[in-house]
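Right, one structure below, let's go through it.
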Amino acid sequence: MHRLFVGFRPPSAIRAQLLGLAGGAPGARWQSDEQLHCTLRYIGEVERPVAEDIALALGAVRFAPFELAVAGVGEFDSRGRPNALWAGLRPHETVTQLHHKIDQALVRAGLAPERRAYLPHITLARMNAQAGANERFLEAHAGLASALFTVDSFLLYESHLGREGASYEAIERYKLRG
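Printed below as a string of structure tokens:
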């Protein structure tokens, strides 16, 4: 089985800026440089023939390169307990449009459509069960902003779960072109 997702990585200067935010959130397990990415579509576990169909379907996606910036921070929670801290991306609309194009291509390849609401973001930290409130971190970094950067490709990743969290292996790169 292959555990797959589609995403893109911001350039190294942006990742360095995000890595500099680590700290000030009790119970946080901060992402490493290799883990910083924006997920465009989670796929999950699939057999090899399905993975090959997915790789082919993604090659048919047509979308022009675009510019983005990191903008603000937030948190996800589950039943009132924080489980992740993230950095937002602007403009949302362009990333959301690419997400929809990728989702449509994967549906044509036989996968079920994405049912969850999509919010473009880069996960900064995962929170453990003892994590407390993150108001201080969220207030301190509410104005987070980066320089514009160009997204000119996306990747198909395989995720490998380990003791230190997930590691990601890029399987295929897809250049954006209109």
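Take the sequence shown: its letters are residues 1 to 178, numbered as in UniProt numbering.
Idealized CB from N, CA, C, for every residue including glycine.
Leaving aside the five residues before and after residue i along the sequence, list all residues of the same chain whose C-beta is less than 6 Å from its C-beta, in chain order.
i: Q130; result: G27
Take residue i and list the residues in its own chain whose beta-carbon comes closer than 8 Å to its own, dropping the five residues that flank it on each side.
i: R116; result: none
Between the options, which has its C-alpha nearest residue i's C-alpha?
i: P10; options: A57, V95, R126; result: V95
i: I122; options: Y174, L138, H2, F8; result: F8
i: H2; options: R41, E45, A16; result: E45
i: L124; options: A13, F5, L4, G23; result: G23
i: P113; options: A105, S78, G20; result: A105
i: R136; options: G74, C38, G178, N128; result: G74
Please report the Cβ distance between residue i and residue j, rounded to the nearest whole angstrom; I am assuming they are in contact, meaning their Cβ atoms lie under 8 Å.
i: G88; j: G72; result: 4 Å
i: V6; j: L156; result: 6 Å
For residue i, which of helix, strand or coil comes out of DSSP?
i: S32; result: coil
i: G20; result: coil
i: A87; result: strand
Return the first residue and the last residue of the alpha helix (DSSP H) that residue i is part of.
i: residue 186; result: Residue 186 is absent from the structure shown; the chain starts at 1 and stops at 178.
Just curious, the beta strand (DSSP E) that residue i is in, first and last residue?
i: R136; result: Taken as a continuous stretch (DSSP letters only), R136 belongs to no beta strand (DSSP E), being part of the alpha helix (DSSP H) at 135–140.
i: D103; result: Here D103 belongs to no beta strand (DSSP E); instead the alpha helix (DSSP H) covers 92–108.
i: L75; result: The amino acid at residue 75 is misidentified as Leu; the sequence shows Glu. Start and end: 66–78.
For residue i, which residues of its own chain have a beta-carbon under 7 Å away from its beta-carbon, when the five flanking residues on both sides are left out?
i: R173; result: S153, L155
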